[in-house]
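Report on the following structure.
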Amino acid sequence: MKETDIFRAELTCRDAAVEKMNLHLSVATFDAEGRQAAMAHSDAVPAVAGTVYKAAATEPAAAASVSFYAVPADGPASDLVSEWPAFKLELSVWKNDTLIDRRTFRVNRWGGTQIIGLRYE
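Each number in the numbering used here comes from the position in the sequence shown (counting from 1) with 917 added on.
As structure tokens, this is what we get:
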């Protein structure tokens, strides 16, 4: 494994429900021996619907680990779960200029979600 790739992650949501969430997106990069080389992150307090949040490494790396958190900044207006369905966040991961992963995650409006340590080489 050589340290030749630039990794980038993007997180977006078009649903207005995301505006009641704080978001944190991070990309940790690793050298060829598996040691952490750098960390890039993006925060939104609170998030804005339609915005693309990006975390990008600035130096080439051998591998990367992507994590994100969506944490409620404010609770739903009612306590009826059926009135507040989950919404979707889309995560895209790029290696150089090539899309290597795209996933959609459902987010509970009451508890948020976290995805930790998606590994890419």
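Glycine included, every Cβ here is placed at the ideal spot set by N, Cα and C. On a predicted model such as this, the values are computed, not experimentally measured, just so you know.
- Residue range Phe1004 to Lys1012 is occupied by the beta strand (DSSP E) that includes Trp1011.
- Taking a cut-off of 8 Å on C-beta distances, the region 929 to 948 touches the region 974 to 986, as three or more cross pairs fall below it.
- Thr1030 is bridged by DSSP to Ala987.
- Annotation for Ala934: Phe1004 and Arg1026 place their beta carbon closer than 7 Å to its own, counting only its chain and skipping 5 residues before and after.
- Looking at the DSSP output, Val1024 bridges to Phe1004.
- Across the set Asp922, Gln953 and Pro963, the C-alpha of Pro963 shows the shortest separation from the C-alpha of Thr929.
- Per DSSP, the beta-bridge partners of Arg1019 are Ser1009.
- The residue among Asp932, Glu927 and Asp991 with its C-alpha nearest the C-alpha of Val969 is Glu927.
- When DSSP assignments are scanned along the region 945 to 997, the uninterrupted stretches of beta strand (DSSP E) that are 3 or more residues long and fall wholly within it turn out to be 953 to 961, 969 to 973 and 980 to 989.
- Phe985 is the residue among Phe985, Val965, Asn939 and Arg952 whose C-alpha sits nearest the C-alpha of His958.
- With a cutoff of 7 Å on beta-carbon distance, Pro989 and Gly1034 are scored as not near each other.
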